[in-house]
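Be aware that the sequence shown starts at 31, since it is given in this note's numbering, and climbs by one per residue.
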Amino acid sequence: MKPWKKTALITTLILALLLIGVFYILNWKIAKTSPADIQFSPQAESQALQLDSIPTQPKNIIFFIADGMGFSHLSLAMMSQNETAAESVWQQFDIRAWHDTRSTYGPITDSGASATAMATGTPTFFDVIGMDAEGNSKTNVFELASSNGYNTAIVTDSYVWDATPAAFLAHTKSRDNAKDILEQTATSEVDILFGELEDIGEGEVPELQETMDILKQRFQILDKSLALPAQTEPLQPIAAIYEEDEIQDLGSTPNLPELTTLALTYLTKKDTPFALMVECEEIDSGSHSNDSKRVLKGLKVIEETLALILDFAEKQGNTLVLFTADHETGGMAAGVDFDEYPNMKIIWASQDHTATVVPLLAKGPGAEYFVDVDRNWQIGQILKSLIKTE
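Below you can see the structure in the form of structure tokens.
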């Protein structure tokens, strides 16, 4: 065999062995990370928490849900702050914990199942609103509060019938049953409803005028001036309804901080306990599209809204502030980038929900009961225990 042919043969053999090795390594890694090899357990059936006697119950409860926000989003929020700024809103919470968001369907949840678990204290199936996995309606914390003399309020930058607010308003087998959710909202005891509507008139989503007619059965609809009605006894139910994406970042008029302030102003016209749920949906929308700029804008909205809530709670006293997310979206991470300063770039693993645990922060009377929470349905059970029943 000629020397050049021998060299070519050896080179070919080496390349073939290298290709086989690379193929084997790649397939070995894939096999090792296959979900089929991981023994996932669904959300366990809820059981009554063994709470100690609760000597102190808050007069007011403010529950902030940041849709889609995981620990990486929280890290990004903290990193983007000015280091010389005053104490951040995140540092003001007394309790800093986490919880697992899985549903009875599996490790990945949706807003319907997760919000229902937190609103009712019962884990449930994907897409379900206000019911357990068998289709039984479960009392939510707003219903319990209203029946015991509390005023209740919802402020969201999403649709008022969307999954997260719906879990505090309705009981239906699918989050897509928009008309059913709206009709139940109109017969609910909620006193304030601020949010958006989707005007498509298709499927289960009614046209805007029909939706407004439904809501007018209970609420006085505020005009663009947002002038509050004269004090009534009992509190006159009010709603402020906006078009899709009209409530978005801090440049919007109105924005989430402004609507939250308006709700708190109205709720404190009477010396009556209240439960308020505030939702920021921007993190979820931005993360689904892997839009880092939208996520950053959403984080600023959350921080400004939380700042005014914490300030209100400090001045008002006897108010529990609870912050969490329904799930994480996008598998976001802050990764290294040596090409420019700062040496960081945003990396996305997905355009959908993930199984990542999410932050749980609490401040005020009752906050200590959230220290050992590890499942989302436990939040709902604790909140119910903190309602002063007559």
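We put the beta carbon where it would ideally sit given N, CA and C, even for glycine.
Candidates the options, of which the one nearest residue i by Cα
| i | options | result |
| --- | --- | --- |
| Lys246 | Pro267, Tyr296 and Thr169 | Pro267 |
| Glu213 | Gly316, Gln278, Thr241 and Thr290 | Thr241 |
| Leu416 | Ser105, Met109, Ala107 and Ala149 | Ala149 |
| Leu292 | Glu420, Thr186, Lys323 and Gly142 | Thr186 |
| Ile159 | Ala193, Ala392, Leu391 and Asp369 | Ala193 |
| Ser105 | Glu398, Asp341 and Leu326 | Leu326 |
| Lys300 | Asp140, His103 and Asn181 | Asn181 |
| Ser177 | Phe304, Thr134 and Pro284 | Phe304 |
| Glu237 | Ala257, Gln250, Gly142 and Glu274 | Glu274 |
| Thr354 | Asn406, Lys345 and Ala196 | Asn406 |
| Glu333 | Met108, Asp243 and Gly98 | Met108 |
| Pro259 | Glu228, Leu338 and Thr295 | Thr295 |
| Asn90 | Gln346, Ala337, Ala127 and Tyr399 | Gln346 |
| Glu28 | Ala257, Ala216 and Ser188 | Within the shown structure, residues of the chain are numbered from 31 to 420, placing residue 28 beyond reach of any answer. |
| Ser282 | Asp210, Val331 and His318 | Val331 |
| Ile138 | Ala364, Glu358 and Val401 | Glu358 |
| Tyr135 | Ala127, Trp128 and Ala147 | Ala147 |
| Ile92 | Leu336, Asn373, Ala364 and Trp378 | Leu336 |
| Ser319 | Trp378, Pro287 and Asp369 | Trp378 |
C-alpha distance - residue i paired with residue j, whole-angstrom precision
| i | j | result |
| --- | --- | --- |
| Ser204 | Gln121 | 37 Å |
| Asn348 | Val366 | 44 Å |
| Lys375 | Lys254 | 40 Å |
| Thr86 | Ser380 | 43 Å |
| Pro264 | Glu309 | 26 Å |
| His201 | Ile409 | 19 Å |
| Pro153 | Asp356 | 12 Å |
| Ser144 | Phe198 | 12 Å |
| Asp164 | Phe156 | A small fix is needed here, since residue 164 is Glu in this sequence, not Asp. When rounded, the distance between both Cα atoms is 12 Å. |
| Thr169 | Val220 | 14 Å |
| Met161 | Phe224 | 24 Å |
| Ile68 | Lys414 | Reliability of the predicted coordinates at Ile68 is poor, the pLDDT of 47 falling under 50, and the value obtained from them is presented with this limitation in mind. In a straight line, the C-alpha of Ile68 is about 35 Å away from that of Lys414. |
| Thr419 | Leu174 | 8 Å |
| Gln411 | Leu280 | 34 Å |
| Ala385 | Asp140 | 10 Å |
| Gln111 | Ser102 | 14 Å |
| His383 | Pro88 | 33 Å |
| Val403 | Arg132 | 14 Å |
| Ala96 | Leu391 | 12 Å |
| Lys262 | Ile251 | A small fix is needed here, since residue 262 is Thr in this sequence, not Lys. Cα to Cα, the separation comes out at about 15 Å. |
| Gly316 | Phe249 | 31 Å |
| Gly142 | Val387 | 17 Å |
| Pro284 | Val171 | 28 Å |
| Leu56 | Ser118 | Reliability fails at Leu56, whose pLDDT of 47 lies under 50, so the model's placement of it is uncertain and no value is given. |
| Ala66 | Asp130 | Because Ala66 carries a pLDDT of 48, less than 50, the predicted location of this residue cannot be relied on, and no value is offered for it. |
| Ser218 | Pro389 | 30 Å |
| Gly98 | Ala257 | 32 Å |
| Tyr272 | Gly151 | 31 Å |
Limits of the alpha helix (DSSP H) - the one that residue i falls within
| i | result |
| --- | --- |
| Arg126 | No alpha helix (DSSP H) holds Arg126; the beta strand (DSSP E) holding it covers Ile125 to His129. |
| Glu288 | Leu286 to Leu297 |
| Glu173 | Val171 to Ser176 |
| Lys209 | Ala208 to Ala216 |
| Ala197 | Note, Ala197: premise wrong, no alpha helix (DSSP H); not H, not E. |
| His103 | Phe101 to Met109 |
| Leu258 | Counting along the chain, Leu258 falls outside any alpha helix (DSSP H), and DSSP gives it neither H nor E. |
| Gly142 | Ser141 to Thr150 |
| Thr241 | Leu238 to Leu245 |
The beta strand (DSSP E) enclosing residue i, as first and last residue numbers
| i | result |
| --- | --- |
| Met374 | Met374 to Ile377 |
| Tyr189 | Asn181 to Tyr189 |
| Tyr435 | With the chain covering 31 to 420 only, the question about residue 435 has no answer from this structure. |
| Val119 | From DSSP, Val119 is part of no beta strand (DSSP E); its letter is neither H nor E. |
| Glu226 | Ile222 to Glu226 |
| Met307 | Phe304 to Cys310 |
| Val331 | Val331 -> not in any beta strand (DSSP E); alpha helix (DSSP H) instead, spanning Ser322 to Gln346. |
| Gly365 | Ala363 to Val366 |
Expected contact under 8 Å - CB spacing of residue i and residue j to nearest Å
| i | j | result |
| --- | --- | --- |
| Thr302 | Gly179 | 7 Å |
| Gly100 | Met307 | So it is not a contact: roughly 20 Å between Cβ atoms. |
| Ile184 | Glu226 | Contact flag wrong, Cβ pair sits at about 12 Å. |
| Leu297 | Ala270 | Not quite, the Cβ-Cβ distance comes to about 14 Å (not below 8 Å), so this is no contact. |
| Leu350 | Ala397 | 6 Å |
| Gly328 | Glu344 | With 8 Å as the limit, Gly328 and Glu344 do not qualify as a contact, their Cβ atoms being about 24 Å apart. |
| Phe94 | Leu352 | 7 Å |
| Ile125 | Phe400 | 5 Å |
Closer than 7 Å: residue i CB and nearest the ligand PLP heavy atom
| i | result |
| --- | --- |
| Met161 | As for the ligand PLP, it is missing from this structure, which has no ligand bound. |
Residues bridged to residue i (per DSSP)
| i | result |
| --- | --- |
| Glu358 | Thr384 |
| Val351 | Ile92 and Lys393 |
| Thr86 | Answer by DSSP bridge pairing: none, since Thr86 is not bridged. |
| Ile405 | Ile is not the amino acid found at residue 405; the sequence shown has Arg there. In DSSP, Arg405 forms a bridge with Asp130. |
| Met161 | Ser167 |
| Ile277 | The partner list for Ile277 (beta bridge, DSSP) is empty, contrary to what the question assumes. |
| Gln250 | Ile268 |
| Thr202 | Ile159 |
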